[in-house]
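Numbering that gives the first Met the number 0 numbers the first residue of the sequence shown as 0 and each following residue consecutively.
Take a look at the structure below.
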Amino acid sequence: MSIAHFEGTSAFAKYNPKIRAGLLLGLGVIFLVVLTLSMALTRQMRHFETAQSDSLQWNLAQMELETSNLRREILEARLSEAANPGRTRLRFEIFLSRINLLQEGEMARLYDDPEAAALLDRIAATSARIDARLADATSQQSLEATAEGLNQLQPLIRELALHGLDQALLDSAAHRHGMKRQAELTMAVGLGLLAAMFVMLLSNDHQRRRVLEKDAVLSQSARRMGSIIGASLDAVVCADHKGRITDFSPAAEEIFGWSREEILGLSLRDTIIPQRFRDAHDRGMARFLSRREGKVVGGGRVELQALRRCGTEFPVEMNLTSTEGPNGPVFISYLRDISDWKESEARLISARDAATAADEAKSRFLSVMSHEMRTPLNGIMGVLDLMRRTDLDAAQYRHIEVALASSEVLLQLVNEALDITRIEAGEERIETAPFALAPLLRQVNAGLSPLATEKGLTLDLTVELEAEGWFEGDEKRIRQVITNLIGNAVKFTRSGGIGVTAIAGETGVTIRVDDTGVGIRHEDLDQIFEEFVAKSQPGGRQSRSDGLGLAISRRLARLMSGDLVAFSAKGEGSRFELTLPLPRVRLAEIPAEAADTPDASDCATAPLSVLVVEDNPINRLVLRGMLERLGHRVTEAEHGEEGLDLLPRGFDLVLMDFEMPVLGGLEATQRIRRLSPPLGEIPVIGLTAHASSEICALGADAGMDRVLSKPLRFTTLAGLLGEHVPEPDLQEADLDDEVLAELVETVGPQSVERALDGLLKEWQDMARRIDSDAPGSDLADLAHRMKGGAAMLGMSGLSRQFAEIETDETLIDVDRLDRLLRGADAHARALLRQQPQPA
């Protein structure tokens, strides 16, 4: 049975029971009504038949006739001498029978009232007296008495007859009225039945037309469905409750390799279901037939394996539904061959995996590149930092500044390569904290000024009064965006200058970077924020290209809920405007550690013993130079295992690289934290070339106190070490601030600062002589110079101690003197900063 045929027959069958039931009900009602009317008419006919057999007029006439006959008979008997008493008696008996007839049958109903009953009683009484007198019918006296009784009886009979006639007339009128009502009722019922039959015929016709219309629609739908199924690319397979195939679409023939004629009537399990799934099919079929529920039937699309006629299995997507048929459920399955789709899916998965692997390889490459580039940058920038703090002439100092600024730009490019990967992966996070905007802008401006100066450009910074306060934001990311904008302005400006302006309002902060460069066409303004976009001049020289910088800067700005836009015209310069909704921070809300940002010169107030654990010799050289420049003692280890062996010597601080041979920094830190105090509590500062929050989190989890990213700058290291230097006891140094103030007033703060630098240098020479067991005469000369320098700078206590060492070298205590001297130096420099600067 096909789907179309099943649907059509089932639809037509819905209407036949209704039509048959309506017709049978109408016929039953008509039959009952006709039967009722027939019975009523029969009763009427019987009533008329009874009235005719017992006719009132006939009975009354007979009764009067018999009365007349009886009187004539008595009169003849009186006149005749030869009377016949038996004949007279017979006439009287006939007369009595007529009287009795009025009291029987239908006639009795006419006299069923008090007046008629009284007449009948009088007639009966008179008749009884006549009957008694007729006992001697031969006597003239009896005959006369009988005649007299008859004379009395005759008016009564006449009155009774008239009463009967009146009653008969009333009864006849009542019967006529009843017949009229019966006729009217019969007519009304007949008309109603005719109307009902007419309505039923109309309803039947309407129902018939509806059935025909629905059959036509169903037939059309069935033909359309048949056409759709025939043209469908998906296979349609129908089966009955026994699993026998009842319909097989053309697409099914093409997919499974069976013809419709061959497969109709065969079992599903034996034709298109693979052998290994047939038991599961039987269990599912039995479960559905018993409970009308199943996992596959009505469960939507499922992917299964099917079997072709040739015996090969292939994947299909199936949607199985069921409907009730004449003999049980009918199963309709829609199947699609997804072999090609599965192959495409496998190719896509393979391509996705390859793309994922390539992306991971890119991320690893960028991470390794960052690490490998940061390592030499650490050496370059560290050495440049150290060189800048040596005696240089103006040209040398300018060259160092240019090299450091270029290194900063290179470091920015390295950071951007990593940032784009993190932003694309959604891993970039904004970390907000209170920061001072104006110092940040001044630092960035100062760092990039050498590059602008080398090109003959001016680099001006204007910070409006409202922008001089503290704000809540990600200082690191804001610094990165500003550095990129100023760096681009310097790069693409040939003459003129760059202006940086910071404005703060109620909605946040706006930072503008204006340049007098080549400018950008209006239609290209949005494109410059795309990755790796270059705008070229006709001569082939690039006029504006920002690689990843502007793309990352805009993304970072939007991550901070702000935006970065550009305004420009060709040949008229450009303006880049960074808008950030930075909330202002009140002074009371600024953390003490954020507000206290000491310079490098006042961080190292006392010498520390520092263990440097670093496998790269260049990095060790740079760290040693910085630490010794700050006055600290340095011990080196090439890997974590060696550092653990050296740790018992006693150190104030450990600088630990992350990645080293033998034993890495994370594992070494974990082992340090498992040691007993005080070794297990020594501060450990992690050093890594991987500048990511995840790496910093790993260091914190391992037990590191801080994690610094390479390249490590001199000021950063100095500030960090200053946090771990104990506060010196300056009472023993016996400082005289008045002496220092007079000296500043006399020779100027610059000269005093040079004197402090010279005193520290002489002390470092003296400490090295002591460590190398130099001859005593040289040591006495050094102590003498230290005594004089300390006295000149108002360090009376130190001057006295050096005087004692000048006479007795055994009194020297290098660590104590170093701590006192550096504490006094920091105190003196702090006083210098408080002095008013010359105009």
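For every residue, glycine included, the Cβ atom is placed at its ideal position computed from N, Cα and C.
None of these values were measured; they are calculated from a predicted model.
Using the Cβ count rule (16 or more neighbours within 10 Å means buried), how would you classify Phe-364?
exposed
Check whether Ser-573 and Phe-491 have beta carbons under 9 Å apart
yes
Going by beta-carbon coordinates alone, are Leu-622 and Leu-711 separated by less than 9 Å?
yes
Hey, could you find the ends of the beta strand (DSSP E) Gln-304 is sitting in?
300-306
Which first and last residues belong to the alpha helix (DSSP H) in which Phe-255 is found?
249-255
Pick out whichever of Thr-185, Gly-516, Asp-764, Lys-569 has its Cα sitting closest to the Cα of Glu-522.
Lys-569
According to the neighbour-count rule (16 or more other Cβ atoms, all chains shown, within 10 Å of its Cβ), is Val-480 buried or exposed?
buried
The alpha helix (DSSP H) that contains Asp-777, what's its start and end?
775-791
Integer Cβ distance of Leu-840 from Ile-671, believed to fall under 8 Å:
Residue 840 is absent from the model: the chain starts at 0 and stops at 838.
Are the CB atoms of Ala-445 and Gly-468 nearer to each other than 9 Å?
no
Exposed or buried, what is Gln-140 when buried is set at 16 or more other beta-carbons lying within 10 Å of its beta-carbon?
exposed
Considering only the alpha carbon of each residue, which of Leu-439, Lys-454, Asn-487, Arg-493 lies closest to Asp-473?
Leu-439
Continuous beta strand (DSSP E) stretch holding Met-655: start and end:
652-656
Please return the same chain residues whose Cβ sits closer than 8 Å to the Cβ of Gln-304, not counting the five positions on each side in sequence.
Pro-273, Phe-276, Glu-312, Phe-313, Pro-314, Val-315
Which residue's Cα is closest to the Cα of Ile-804: Ala-782, Asp-651, Gly-624?
Ala-782
Am I right that Ser-266 and Arg-290 are in contact with their C-beta atoms under 8 Å? What's the rounded C-beta distance?
Actually they do not touch by this definition, with Cβ atoms about 22 Å apart.
Could you name the residues that DSSP lists as bridge partners for Ser-332?
Val-236, Leu-319
Could you spell out where the alpha helix (DSSP H) holding Glu-641 opens and where it closes?
639-645
Residues in its own chain within less than 8 Å of Leu-263 by CB, not counting five upstream and five downstream?
Ile-244, Thr-245, Asp-246, Phe-247
Rounded to whole angstroms, what's the CA-CA distance from Gly-283 to Lys-294? Just pull it up for me.
8 Å
From the DSSP output, which residues share a beta bridge with Gly-685?
Met-655, Val-706
Go through its chain and collect everything with a Cβ distance to Thr-66's Cβ below 8 Å, but skip five positions before and after it.
Phe-94, Leu-149, Leu-152, Gln-153, Ile-156
Quick check on Lys-241: buried or exposed, where buried means 16 or more other Cβ atoms within 10 Å of its Cβ?
exposed
Which stretch, first to last residue, makes up the alpha helix (DSSP H) that contains Phe-801?
795-806
Residues bridged to Pro-314 (per DSSP)
Gln-304
Counting Cβ pairs, one atom from each stretch, are 3 or more of them under 8 Å apart for the stretch 647-656 and the stretch 607-614?
yes
Closest by C-alpha distance to Leu-164, when choosing among Asn-99, Trp-57, Ser-218, Arg-259
Trp-57
Give me the residue from Glu-465, Lys-475, Val-413, Ile-399 with the minimum Cα distance to Leu-447.
Ile-399
Any 3 or more C-beta pairs closer than 8 Å across the stretch 455-469 and the stretch 500-509:
yes
So for Thr-515, helix, strand or coil by DSSP?
coil
If contacts are defined as beta-carbon pairs under 8 Å, then Glu-471 and Val-584 qualify, I think. What distance do you get, rounded to the angstrom?
5 Å
Helix, strand or coil: how does DSSP classify Thr-500 here?
strand
Between Asp-656 and Arg-821, what straight-line distance do the alpha-carbon atoms span, to the nearest angstrom?
28 Å
Apply the 10 Å Cβ neighbour rule to Lys-709 and answer buried if 16 or more other Cβ atoms are within range, or exposed otherwise.
buried
Does the beta-carbon of Ser-258 have 16 or more other beta-carbons within 10 angstroms, so that it is buried, or is it exposed?
exposed
Arg-476: buried (16+ other C-beta within 10 angstroms of its C-beta) or exposed?
buried
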